[in-house]
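Engineer: First the structure, then my questions, so here it is.
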Amino acid sequence: MTFKLTPLVATLASALALTALSASAVTIRIGNQGDALSMDPHSLNESLQITVVENVYESLISRDANYKLTPLLATSWKQTAPTVWRFDLRKDVKFHDGTPFTADDVIFSYERAKGEGSDMKSYVGQFKEIKKINDHTIDIITNAPFPIVPELITHWAIMSKKWCEENQATKPVDRRKGIENAASFRANGTGPYVVKERQPNVQTRFARNFNYWGKVTGNVDEVVFSVIGNDATRVAAMLSGELDIMEPVPVQDVERLKSNDKLKVLQGPELRAIFLGMDQKRDELLYSNVKGKNPFKDIRVRKAFYQAIDIETIKSRVMRGAATPLALMLPPQVNGFAPDLAKRLPYDADAAKKLLTEAGYPSGFEVKMNCPNDRYVNDAEICQAVAANLAKIGVKINLEAETKGTYFPKILSRNTSFYMLGWTASTVDAHNVLYPILSTPGDGGRGQFNLGAYSNPKVDELTDKVASETDQKKRNDMIREAMKIHQDDVGHLPLHQQALNWAVKKNIEVVQHPDNNMAWKFITVKP
């Protein structure tokens, strides 16, 4: 007698086959201060979210252990015309449920990622269309020449069209509106790991996909990702051996963990810029005692806030030296950084007071500041220090620090007057700062994370030119000009570049990328 599995049973059987682990299976336990807020790869453009789900879902192009571009779901790509990029797709790749990967999944993922609720619009929204040539060939067509398309799409995850349709997950989980769907808690990617058990904000278990098409250089069979928000508790778990890897290491505990003979601390500069943003669009701020006008529309107020921040004390006392003050919205490692613009406005409380008085606020004013307390290194402590600095010039900050689970939906819906954000130029190129952060909010992901709606038409014009310019000197000159305009406008308040600090057991080899991405397929546990 032949027994035919129903689709549900077949899927379960496939999952069991993928996740069955022997007694000798290699398990690593990772502790982090926060969690990926969803398993949906298009729902939140945030580094921790990306680093977790990219072990399950894959993009057409990725970065190897040396952070160089490498083929993934695409085997090759080339520019066939000024506005056309042809991608040859990998054959014989299957999603976790056994469905074959084809061009239809790429086109579906493009429409999904640029659609309503997506947080990944800035990666694909600049494309005109994607054409299917055959099942394993596509053309990405851009509106204008776009030389950095390969770099741009390294975090654009490909989802199964069939699975999304069958599970009513054709649209991304919209964290801003509190909308969830099947993709929030389950996943069906092509990657080296599958989701085994999901407990949001507590723990998620991942198992090795033994049917994975590619090569896994590491030997990890299971990953237990635990959320431990309290710094002291997370450090204690690392010291006691309950964790194998922890990220981030609180800056005050770096030397303590370094001195432990069973541990090592991996350190390096991160591509992330930490900055403050201000609502410059509304005629009246949502959360301020100033009525009938918006103080942040006045450059003198923005400049006063900038000059009131004692960045060197924040560096030495709050960050324990693990930060590099920034005058630009990108760190020196990003293509297009202009060294001659790297000098901050001087810290000068008296000058800041004078500017506020000239702007019509001799006694200062009140405003609410939104800040996460479990996303960036010492984020709440930085905001507390900024609040104390601003108090010295008469500005009363009503600080609201909260977990990123509620923080991001709030500020991404622009329900804020003054906020903290961190941004990593994942393309390692200034355009990835100009387009999503400094451009006027518009269609196609333009200005999607410009939450205070800073706007300068000249910056927008230069951003478009930067996207299509192939002469590197001309391109860098245009980047510099745009950055200088934004700097002169005091469009945002840059703070610093934070340092990466991961604690790892000495018998574990792990690759630390400058964008804070941790690919589990590179992790090796030695006896």
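Using our numbering, the first residue of the sequence shown is number 354, and each one after it goes up by one.
We treat Cβ as the ideally placed atom computed from N, Cα and C, and that holds for glycine.
Find out if the Cβ-Cβ distance for the pair P601, V730 is shorter than 8 Å.
Structural biologist: Yes, Cβ-Cβ distance for P601 and V730 is below 8 Å.
Engineer: Contact check, L698 vs M836 under 8 Å by CB: the rounded distance?
Structural biologist: With 8 Å as the limit, L698 and M836 do not qualify as a contact, their Cβ atoms being about 15 Å apart.
Engineer: For T507 versus S779, is the C-beta spacing smaller than 8 Å?
Structural biologist: Result yes, Cβ atoms of T507 and S779 sit closer than 8 Å.
Engineer: Please report the residue range of the alpha helix (DSSP H) in which M738 lies.
Structural biologist: The sequence as given places Ala at residue 738; Met does not occur at that position. 732-744 is the extent of the alpha helix (DSSP H) around A738.
Engineer: My guess is that V878 and M871 are in contact by the Cβ rule of under 8 Å, so how many angstroms apart are they, rounded?
Structural biologist: That belief does not hold up - the Cβ atoms of V878 and M871 are roughly 14 Å apart, past 8 Å.
Engineer: Take T372 and list the residues in its own chain whose beta-carbon comes closer than 7 Å to its own, dropping the five residues that flank it on each side.
Structural biologist: Bear in mind that the predicted position of T372 carries a pLDDT of just 44, short of 50, making it unreliable; the figure below should be weighed with that in mind. Answer for T372: V547, K549, A560, listed in chain order.
Engineer: Compute the beta-carbon to beta-carbon distance between R625 and N869, rounded to the nearest angstrom, for a pair I have assumed lies under 8 Å.
Structural biologist: Yes, they are in contact, since the Cβ atoms of R625 and N869 sit about 7 Å apart, within 8 Å.
Engineer: Confirm, please, whether the CB-CB distance from V577 to T404 is below 8 Å.
Structural biologist: Against a cut-off of 8 Å, the Cβ pair of V577 and T404 comes out as no contact.
Engineer: Give the DSSP-derived three-state secondary structure of K481 in the structure shown.
Structural biologist: K481: strand per DSSP, three-state reduction.
Engineer: Among D703, N562, A733, which has the Cα closest to the Cα of F448?
Structural biologist: The shortest Cα separation from F448 among D703, N562, A733 belongs to N562.
Engineer: Look up V654 in the DSSP assignment and say whether it is helix, strand or coil.
Structural biologist: V654: helix per DSSP, three-state reduction.
Engineer: If you run the structure through DSSP and keep just helix, strand and coil, what is M392?
Structural biologist: If DSSP states are grouped into helix, strand and coil, M392 belongs with coil.
Engineer: Do the stretch 654-670 and the stretch 833-847 make contact, defined as three or more Cβ pairs closer than 8 Å?
Structural biologist: As far as the Cβ criterion goes, the stretch 654-670 touches the stretch 833-847, which means the pair count is three or higher.
Engineer: So is G689 buried or exposed if we call it buried at 16+ other beta carbons inside 10 Å?
Structural biologist: It counts as buried.
Engineer: Please work out which residues of its chain come closer than 8 Å, Cβ to Cβ, to S337, disregarding the five sequence neighbours upstream and downstream, and give them in chain order.
Structural biologist: Nothing can be reported for residue 337, as the shown portion of the chain is limited to 354 through 880.
Engineer: In chain order, what residues of the same chain have a beta carbon less than 7 Å from the beta carbon of I493, not counting five sequence neighbours either side?
Structural biologist: For I493, where only same-chain residues beyond five positions count, the Cβ hits under 7 Å are W438, F440, F480, I483, V502.
Engineer: According to DSSP, Q633 sits in a beta bridge with which residue or residues?
Structural biologist: The partner list for Q633 (beta bridge, DSSP) is empty, contrary to what the question assumes.
Engineer: Please return the same chain residues whose Cβ sits closer than 6 Å to the Cβ of L596, not counting the five positions on each side in sequence.
Structural biologist: Excluding residues within five positions, the ones whose Cβ falls inside 6 Å are R382, G384, A590.
Engineer: Report the rounded CA-to-CA distance for N829 versus A585, giving the unit in angstroms.
Structural biologist: Taking the straight line joining both Cα atoms gives about 44 Å.
Engineer: Just to confirm the assignment: which complete alpha helix (DSSP H) runs, minimum length 4, are found wholly within the stretch 435-466?
Structural biologist: If we require 4 residues or more, the alpha helix (DSSP H) runs fully inside the stretch 435-466 come out as 456-466.
Engineer: Could you give the first and the last residue of the continuous alpha helix (DSSP H) run that contains Q851?
Structural biologist: Element bounds for Q851: not the alpha helix (DSSP H) but the beta strand (DSSP E), 846-858.
Engineer: Between L853 and S400, what straight-line distance do the alpha-carbon atoms span, to the nearest angstrom?
Structural biologist: Between L853 and S400, the C-alpha separation is close to 13 Å.
Engineer: Roughly how far, in whole angstroms, is the beta-carbon of E411 from the beta-carbon of I511, given that I think they are within contact range, below 8 Å?
Structural biologist: Between I511 and E411 the Cβ distance is about 6 Å, and since that is below 8 Å, they are a contact.
Engineer: Smallest Cα separation from D450: which of V618, V604, A540, T666?
Structural biologist: It is A540 whose Cα lies nearest to the Cα of D450.
Engineer: Is F578 helix, strand or coil by DSSP?
Structural biologist: Strand.
Engineer: Run through DSSP, which three-state label would I876 get?
Structural biologist: Looking at I876 - three-state DSSP - the assignment turns out to be coil, as it is neither helix nor strand.
Engineer: Using only alpha-carbon positions, find the residue among Y714, K749, P622 that is nearest to P678.
Structural biologist: Taking only the C-alpha atoms, the option nearest P678 is P622.
Engineer: Just confirm the distance between the C-beta atoms of V618 and W873, as a whole number of angstroms; I'd bet it's less than 8 Å.
Structural biologist: Rounded, the Cβ-Cβ distance is 19 Å, inconsistent with contact.
Engineer: Determine the direct distance from the alpha carbon of E407 to that of V340, and round the result to whole angstroms.
Structural biologist: Outside the shown range of the chain (354 to 880) lies residue 340, about which nothing can therefore be said.
Engineer: Since L596 sits in a beta bridge, which residues does DSSP pair it with?
Structural biologist: Partner(s): none; L596 has no beta bridge.
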